[in-house]
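Our numbering puts the first residue of the sequence shown at 1, with every later residue one more than the last. Backbone N, C-alpha and C define an ideal beta-carbon position, used for all residues, glycine too.
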Amino acid sequence: MKGLNSSENLIKTPLFIKITALIFISFTFFYFGTKLSNSSTQLVFFSSKQHQSSSQSISLSPNINKTLDLNTLNLNQSSIVIKSPPPPPLVLERLGVIDDNGTMAENFEIGGGEFDPNLVEDWGGGGGDSDGENGDVEKGSGESEKKVKVEKFKLCDESMREYIPCLDNVEEIKKLKSTEKGEKYERHCPGKGKELNCLVPAPKDYKTPIPWPRSRDEGNFGLGIIIVFSYSKVVVRVWFSNVPHTRLVEDKGGQNWISREKDKFTFPGGGTQFIHGANQYLDQISSMIPEIAFGKHTRVVLDVGCGVASFGAFLFSRNVTTLSIAPKDVHENQIQFALERGVPAMVAAFATHRLLYPSQAFDLIHCSRCRINWTRDALHPQDLLIILVLIRFIILFACGEDGVLLLEVNRILRAGGYFAWAAQPVYKHEENLQEQWKEMEDLTVSLCWQLVKKEGYIALWQKPLNNSCYVSRNAGARPPLCDEDDNPDDVWYVPWPKLSCLQILDYYLKLRDTFRYDRAVRPDLEFAIQRYKELKSCITRLPENNYGANVTTWPVRLHYPPERLQSIGIDAYISRKELFNAESKYWCDIIESYVRAYHWKKLKLRNVMDMRAGFGGFAAALLDLQLDSWVMNVVPVSGPNTLPVIYDRGLIGVIHDWCEPFDTYPRTYDLLHANGLFTVEKKRCKISTIMLEMDRMLRPGGRVYIRDSVSIMDELVETAKAMGWQAGAHDTAEGPHASYKVLMCDKHLLR
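As structure tokens, this is what we get:
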């Protein structure tokens, strides 16, 4: 009984129950595994054939003599057909390359959702938030049409009526460590968030400028008109209310430059520059060197330190376009007077950066009392202390008499072109002036310039046609030739050497005060000398293929494809000439329609700017159709640098970044033309930034023609209206379904 009871207790124990349940579950899974599996290549262990074995004592697996091929196993398993649901229908995504009308769109996407537009903004360097992010533009959420709303811009303070943003940035100018080399006259643009956000007001009693050529040869006196027929003296008048500044009159009034008569300024055309008048001065230059041939061989001229631009004004009658430049200096408003007269002009200074013009741009560069020390950076040993002769020798050896300013003149002067210098050292015999003349002679010889003629107070040099003179100089001659990989047309914010010889002298004089004569040379002095040895000013190489030197005569050169067309960085080679000719014909057809339909010849458009000039076809069309105007061709930094081609055609221009302000006074242009500009620049900066700058440059009564994509036309229209312009979008000749439209605007005088 005891054994029976113990057996019953064993059955009732939890351990027995667990073992029984485990065995039951195992057999259950084994049963379902053999029944549900219908694979013919399963392991034999799971096969029912195992139970049919004849051996009762030893059970050997049928797999004992078999090898398992995994590749075969995988292939056989893949043969199992599992019916999956049908795939979803293929969705065709439209990239938007072609719109519903079959016309190529401007805003199509590449790469679908993986494209990050911020990468383009970061790479472009322009940055800046979009208009919507800054609150200037509000866009509706409608799917079919996005409404754009721009709040009206307010007038700036009266103190900003002559405001040039990048030249009047007092905050940045105060931070300059040195202004000895004219750094304060260079560009110092406002930082992000400090850009112009208002409309620059016109002076009180502003009047429509006296139209060209009356601004050069006639003046208004009340209701009567006086025309001055004298060939040697031409009286010019400008409204005082438009340029209400008398500083130039006070400084130069006694020199026959400028005077004030009631409500007008007058410009007699004489002065210390042209004692007998500008025309007689030009006749003298022509007689000195007949090969200059104004209007034929000499077409594009740069007038440095232009005064009131009488030199350029009188050259117009000889088929010569003269760009007058001067810094915004103590006399003030020289360039504003020039532009008010209708003469091409721009605020620019020879200081520490390259000028914004290409190499071999000008046929003649003229300097008459321009107050520029062309031999700057040449050291004078007599100015140094004898006790530091050794250091002086190292400095002289390191930099020589480079004359970095004249090297910049050499870069922008065309091969075979002329440099005219009218200054006291040319004709006066005082000892100090003769020393200046000797320095100028030595420097020009080192540049391989030939002194062609010296007569009276004018000296004329000619630049060589090729590099033969440069390479034949003695070894170690200074200045050296620039490296072969130096790009002479790279000009946007390109500085000259970080330290010039003038800076070396400055360092030298400062270190002299800390020098200890009873000790060895101090480490800081040794470091400074090492910096000096790294300096380099160089002569721009001329192309070995003579590109730039072989331009044809005017007016043939206007439409003759120049050789430098082949050096422009565009995605074309064989078809470049075809592109050049096609652009000229394209703009000639368009401007012809503007003249016919919008009566451009009656609008008295004198100062014109093409904000995205290409090869200069727009400006060439104005000349072909005989509009009495000149064009400032602007080449944006965001595209290929076509400036060399523009100058080879006999036109003028400048490179510029339209995300920054332009270096000109307010109210200086009658017409602003922009073709495809905003489509290109909208990813780099706000549309309103560019249009506010356009408003600053445009005269009251001036006009704007914007030819751009339909996709941004609404925003352009609303921004124009927010600035007080009268604006309307018009179809192009391609019809109402074209991808481009023309926005025509008129600016009114706001009070």
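Next item on the list: With DSSP collapsed to three states, give me the class of residue 588.
Entry: If DSSP states are grouped into helix, strand and coil, residue 588 belongs with the helices.
Next item on the list: Please classify residue 159: is it buried, with 16 or more other beta-carbons within 10 angstroms of its beta-carbon, or exposed?
Entry: exposed
Margin query: Based on DSSP bridge pairs, tell me the residues matched to residue 618.
Written below: None, per the DSSP bridge assignment.
Checklist line | Residue(s) in a DSSP beta bridge with residue 491 | finding: Bridge partners of residue 491: none, in fact.
Item checked: Sequence-distant residues of the same chain with beta carbon closer than 6 Å to residue 281, five excluded per side -> Taken in chain order, the residues that qualify are 274.
Checklist line | Alpha-carbon to alpha-carbon, residue 445 and residue 539 | finding: 12 Å
Checklist line | Proximity to residue 488 [Cα-Cα], best of 434, 547 and 459 | finding: 547
Checklist line | Residues near residue 746 in its chain [Cβ-Cβ closer than 7 Å; skip 5 each side] | finding: Excluding sequence neighbours, residue 746 sits near 703, 725 and 726.
Note to self: Three Cβ pairs or more, each shorter than 8 Å: is that satisfied between the segment 646 to 654 and the segment 292 to 310?
What the structure shows: yes
Next item on the list: Between the Cα of residue 322 and those of 697, 333 and 310, spot the shortest distance and give me the residue it belongs to.
Entry: 310
Item checked: Those residues which DSSP pairs with residue 368 across a bridge -> DSSP lists 422 as partners of residue 368.
Notebook entry, point to check: With a cut-off of 8 Å, do at least 3 Cβ pairs link the segment 359 to 366 to the segment 411 to 420?
Noted result: Three or more pairs of CB atoms, one per stretch, sit closer than 8 Å, so the segment 359 to 366 contacts the segment 411 to 420.
Next item on the list: Confirm, please, whether the CB-CB distance from residue 661 to residue 198 is below 8 Å.
Entry: no
Next item on the list: Give the secondary structure of residue 291 by DSSP, where H, G and I count as helix, E and B as strand, and everything else as coil.
Entry: helix
Checklist line | Own chain, CB closer than 6 Å to residue 609, minus 5 neighbours either side, in chain order | finding: 632, 669 and 672
Notebook entry, point to check: At which residues does the alpha helix (DSSP H) containing residue 659 begin and terminate?
Noted result: Residue 659 -> no alpha helix (DSSP H), and no H or E assigned at all.
Check: Should residue 493 be labelled buried (16 or more other beta-carbon atoms within 10 Å of its own) or exposed?
Finding: Residue 493 should be labelled exposed.
Check: How many angstroms separate the CA atom of residue 586 from the CA atom of residue 613?
Finding: Taking the straight line from one Cα to the other gives about 13 Å.
Margin query: Please classify residue 684 as buried or exposed, where buried requires at least 16 neighbouring CB atoms within 10 angstroms.
Written below: buried
Margin query: Taking the alpha carbon of residue 209 as the reference point, which residue from 707, 699 and 708 has its own alpha carbon closest?
Written below: 699
Next item on the list: Ignore the nearest five residues each way along the sequence and tell me which others in residue 278's own chain have a CB closer than 7 Å to its CB.
Entry: Closer than 7 Å at Cβ, skipping near neighbours: 269, 310, 311 and 314.
Next item on the list: Note the first and the last residue of the continuous beta strand (DSSP E) segment covering residue 149.
Entry: 148 to 150
Next item on the list: Evaluate residue 469 with the Cβ neighbour count: other Cβ atoms within 10 Å of its Cβ, from every protein chain shown; 16 or more gives buried, anything less gives exposed.
Entry: exposed
Next item on the list: Compute the Euclidean distance between the alpha carbons of residue 653 and residue 737, then round it to the nearest angstrom.
Entry: 34 Å
Notebook entry, point to check: Mind checking residue 351: buried by the 16 CB within 10 Å criterion, or exposed?
Noted result: buried
Notebook entry, point to check: Under three-state DSSP, which class holds residue 469?
Noted result: helix
Item checked: Residue from 615, 554, 154 and 664 whose Cα sits closest to the Cα of residue 570 -> 615
Checklist line | residue 129 to residue 636 span [Cα, whole Å] | finding: Only weak support is given to the placement of residue 129: the predicted model assigns it a pLDDT of 39, under 50, and the value that follows is read from those uncertain coordinates. Between residue 129 and residue 636, the C-alpha separation is close to 20 Å.
Notebook entry, point to check: CA-CA distance, residue 97 and residue 171?
Noted result: Annotation note: pLDDT 49 at residue 97 (below 50); position unreliable, no value reported.
Margin query: Check whether the segment 168 to 182 and the segment 579 to 599 touch, using three or more Cβ-Cβ pairs below 8 Å as the test.
Written below: With a cut-off of 8 Å, the segment 579 to 599 and the segment 168 to 182 do not count as touching, because too few Cβ pairs lie within range.
Next item on the list: Mind reading off the beta-carbon distance from residue 288 to residue 460? Whole number of angstroms is fine, and I expect it under 8 Å.
Entry: That belief holds up - the Cβ atoms of residue 288 and residue 460 are roughly 6 Å apart, short of 8 Å.
Notebook entry, point to check: Roughly how many whole angstroms lie between the Cα atoms of residue 389 and residue 447?
Noted result: Because residue 389 sits at a pLDDT of 44, beneath the cut-off of 50, its placement in the model cannot be relied upon, and the following sentence gives the value as read from the coordinates. Those two C-alpha atoms are separated by around 28 Å.
Next item on the list: Using only alpha-carbon positions, find the residue among 542, 561 and 692 that is nearest to residue 195.
Entry: 692
Margin query: Using the three-state DSSP reduction, which class does residue 243 fall into: helix, strand or coil?
Written below: Here residue 243 carries a coil assignment [DSSP, helix/strand/coil].
Next item on the list: Starting from the N-terminal side, write out each stretch of the alpha helix (DSSP H) that is 4 residues or longer and does not extend beyond the segment 660 to 727.
Entry: 677 to 681, 687 to 697 and 713 to 722
Item checked: Where residue 414 falls: helix, strand or coil (DSSP) -> Strand.
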